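In the UniProt record's numbering, the protein residues as written are 1 to 459.
The beta carbon of each residue, even a glycine, is placed where N, CA and C say it ideally should be.
Because the structure is a prediction, the values reported are computed rather than measured.
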Amino acid sequence: MSVTPISKQVAIIQVAKFGGTSMADADAIRACVAIICAEKAPTLVVVSACAGITNRLIAISESRTLVERQRLADEIIQRHQHIAEQAHVDTRCREALQQLHQQLIDIIVAPCPTSTVALLRRRDLILSFGERCSSELFAAIWRQYNDSATCVDARDFLPTDGRHGQASPDWVAMQQACQPLQQRLQAGDAMVTQGFVGSGPEGYTTTLGRGGSDYSAALFAAAMQTQRLNIWTDVAGIYTTDPRVCEDARPLAEISFAEAAELATFGAKVLHPKSLKPAIEHGIDVFVGHSRKPEQGGTLISATPVERPSIRALALRRNQTLLTVHSVDMLHATGFLARLFDVLARYDVSVDLVTTSEVSIAITLDEEGSKANGDTVLAEAMLTELQQFAHVNIESGLTLIAVIGNDIGHFGDISPSVLQAASPATIRMVCQGASHHNLCFLVDDKAADTVVKKLHAKL
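Here you go:
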């Protein structure tokens, strides 16, 4: 996404994104609406599907039996109707939900298409109903405090390419499409829209990938030249490490863009890795807070935090695979890395960490983030190709631990301290030097929690 100069705006506007847990029930949505009503700046609200709905929609898209699809659809409809009844929503919302639910049922009962492209289009359309319904519920509850609140269709403002399931925004077209949205916000309109969904070149519904609601919110913030993006979730900011692993973890008051990007990339679940890119490129501050406990504050992510400590936080990402490729042909030879990465690229495998020796290359693969088209991360056909020119060894059941901070490597005692704290766990790989903001290593899944606790206490 290219960067365009940002001009000063007369009215400062914001974007606020609420995740699935913040949309779980009527009380949760009311808490979100209270946050928006307290905002002084005009705010575009971006919402995820209600908690648990997207999983059911995925199951519908994958189910081969009509009975199963109808059962899942009934659960979704009942969930939305229960929230509507709890919140005493207006007729406008009830009618909108009824139309959306009927559209979903019509898709479910229709014969499944046979072509791959048509199946992918059907899947994206099915998945979009989560956000389309939750945004109607949010707008209805908001209207109880602001009768002008309305729901707008994100597909009118977020044009994408045609890659279903992992669509990329058409940035130039989005900037143009969002101009009327920006003007309406500056004029005082109260609007809520959907995260995660967009519209492809031919008008078909597309999705940005799992966790894409944060990305949508950041894209809207950048396209409308806002100065702040508020992400409201179920934790009071970004912590020094996963509080489920370490009871001593504490929230961070501030963090830099670079540090936050490293944390998001290496496993912090609060932010989607892609979501920070538009904010970083456009200098937009990002605030992360607890939607049910806004009084607890949160974490401000900015380009210029007041403090830049050498160690800021620890991140961990489970279910990692270590692929080691060994060949004596590498010795004093050229082109071997290109050949290896060409094979990985053709099988749509994303590589995280890389270390090399004279005759070996070790790379890490994220089993959750690197799966191509639903296949396992290491397809048999890919391994067969690799084995034609190298010996291949695979290790799974590993966890990647990342030490995040500033100028890591410039302080001589950090690496020894990390390795000492990790002992006696076996370290399978260490990666440092490509970034001043992280030191990463792999350990066995079973040892990961203990290592993180020891590191957190020491660092």
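Given a cut-off of 7 Å on the beta-carbon distance, is the pair residue i and residue j in contact?
{"i": "T364", "j": "L322", "result": "yes"}
{"i": "A279", "j": "V286", "result": "yes"}
{"i": "D315", "j": "G267", "result": "The sequence given here places Ala at residue 315; Asp does not occur at that position. Going by C-beta atoms, A315 is nearer than 7 Å to G267."}
{"i": "A167", "j": "T150", "result": "no"}
{"i": "V325", "j": "A223", "result": "no"}
{"i": "Y145", "j": "C32", "result": "no"}
{"i": "N438", "j": "S310", "result": "no"}
{"i": "K453", "j": "C246", "result": "yes"}
{"i": "V392", "j": "L398", "result": "no"}
{"i": "E131", "j": "A41", "result": "no"}
{"i": "Q14", "j": "R155", "result": "no"}
{"i": "T207", "j": "F220", "result": "no"}
{"i": "G237", "j": "T304", "result": "no"}
{"i": "I301", "j": "A260", "result": "yes"}
{"i": "S148", "j": "A190", "result": "yes"}
Buried or exposed for residue i, going by 16 or more other Cβ atoms inside 10 Å?
{"i": "K8", "result": "Residue confidence for K8 is low, a pLDDT of 43 falling below 50, so the modelled location carries little weight and cannot support an answer."}
{"i": "S135", "result": "buried"}
{"i": "P169", "result": "buried"}
{"i": "G335", "result": "exposed"}
{"i": "T193", "result": "buried"}
{"i": "D74", "result": "exposed"}
{"i": "K66", "result": "Residue identity differs from the one stated: residue 66 is Leu in this sequence, not Lys. Flag for L66 reads exposed."}
{"i": "I126", "result": "buried"}
{"i": "P159", "result": "buried"}
{"i": "G20", "result": "buried"}
{"i": "I394", "result": "exposed"}
{"i": "A402", "result": "buried"}
{"i": "K17", "result": "buried"}
{"i": "D329", "result": "exposed"}
{"i": "G244", "result": "Reading the sequence as shown, one finds Arg at residue 244 and not Gly. When all chains shown are included, R244 counts as exposed."}
{"i": "H290", "result": "buried"}
{"i": "Q182", "result": "buried"}
{"i": "S370", "result": "With a pLDDT of only 46 at S370, under 50, the local geometry of the prediction cannot be trusted, and the value read off the model is given with reservation. Result: buried."}
What does DSSP give as the partner residue(s) for residue i in the beta ladder?
{"i": "G289", "result": "W232, G298"}
{"i": "K17", "result": "V46, I231"}
{"i": "I404", "result": "A313, N438"}
{"i": "I363", "result": "L323, V354"}
{"i": "I394", "result": "L323"}
{"i": "D444", "result": "L398"}
{"i": "E254", "result": "L300"}
{"i": "S199", "result": "P159, T205"}
For residue i, name the three-state secondary structure that DSSP assigns.
{"i": "H101", "result": "helix"}
{"i": "S63", "result": "coil"}
{"i": "R121", "result": "helix"}
{"i": "N55", "result": "helix"}
{"i": "Q320", "result": "strand"}
{"i": "F389", "result": "coil"}
{"i": "V270", "result": "coil"}
{"i": "Y145", "result": "coil"}
{"i": "Q432", "result": "strand"}
{"i": "M191", "result": "strand"}
{"i": "Y204", "result": "coil"}
{"i": "T91", "result": "helix"}
{"i": "Y239", "result": "strand"}
{"i": "T116", "result": "helix"}
{"i": "P169", "result": "strand"}
{"i": "C151", "result": "strand"}
{"i": "Y215", "result": "helix"}
{"i": "T450", "result": "helix"}
{"i": "M224", "result": "coil"}
{"i": "L378", "result": "coil"}
{"i": "D329", "result": "helix"}
{"i": "A425", "result": "coil"}
{"i": "D27", "result": "helix"}
{"i": "E262", "result": "helix"}
{"i": "V3", "result": "Below a pLDDT of 50, predicted positions are generally treated as unreliable, and V3, at 45, falls in that range; no measurement from the model is reported."}
Does any CB atom of chain D fall closer than 7 Å to the CB of residue i?
{"i": "Q296", "result": "Protein chain content of the structure displayed is limited to a single chain, and chain D is not contained in it."}
Relative to the C-alpha of residue i, which candidate in the options has its C-alpha closest?
{"i": "R56", "options": "V46, Q388, K293, E68", "result": "E68"}
{"i": "T384", "options": "N406, I401, R210, L340", "result": "L340"}
{"i": "S350", "options": "S357, A59, D342", "result": "D342"}
{"i": "E420", "options": "H272, I394, A457, D189", "result": "Reading off the sequence shown, one finds Gln at residue 420, where the question assumed Glu. Of the candidates H272, I394, A457, D189, the one whose C-alpha sits nearest the C-alpha of Q420 is A457."}
{"i": "R318", "options": "D242, A236, A260, K277", "result": "D242"}
{"i": "L344", "options": "E295, A84, I58, A379", "result": "A379"}
{"i": "T355", "options": "D329, R428, D153", "result": "R428"}
{"i": "R123", "options": "A303, E62, S396", "result": "E62"}
{"i": "Q98", "options": "A261, V109, Q78, T116", "result": "Q78"}
{"i": "residue 544", "options": "I404, R71, G297", "result": "Lying outside 1 to 459, the shown extent of the chain, residue 544 is not represented and no answer is given."}
{"i": "V89", "options": "L353, I76, L137", "result": "L137"}
{"i": "I153", "options": "V306, T233, L44, A447", "result": "Looking at the sequence itself, residue 153 is Asp, so the reference to Ile does not match. Nearest option by C-alpha distance: L44."}
{"i": "A59", "options": "I108, H80, A84, A249", "result": "I108"}
{"i": "R71", "options": "R94, I105, Q86, E39", "result": "I105"}
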